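In my numbering, the protein residues as written are 100 to 173.
In structure tokens, the structure reads:
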């Protein structure tokens, strides 16, 4: 995960979007990430689950900064 505090230059922190395709979901607005599933009985298990892409927030766009904005910019 990238954080703005890791950026050495304030100019890098500026979001240069929007862009035609999201780097995380390929423009589909859904990305599959590992999700922790905790059953009532037994051990927790990591499963791949669909999520709305937080990089493009459903618009098919992504931050173009060298390190992505966290949280994503509108």
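Backbone N, C-alpha and C define an ideal beta-carbon position, used for all residues, glycine too.
These numbers were taken from a predicted model, which means no experiment stands behind them.
Asked	Found
CA-to-CA distance, residue 134 to residue 140, given in whole angstroms	17 Å
Paired residues, beta bridge with residue 149 - DSSP	131
Residue 137, DSSP secondary structure in three states	coil
Residue 149 and residue 129 closer than 7 Å at C-beta	yes
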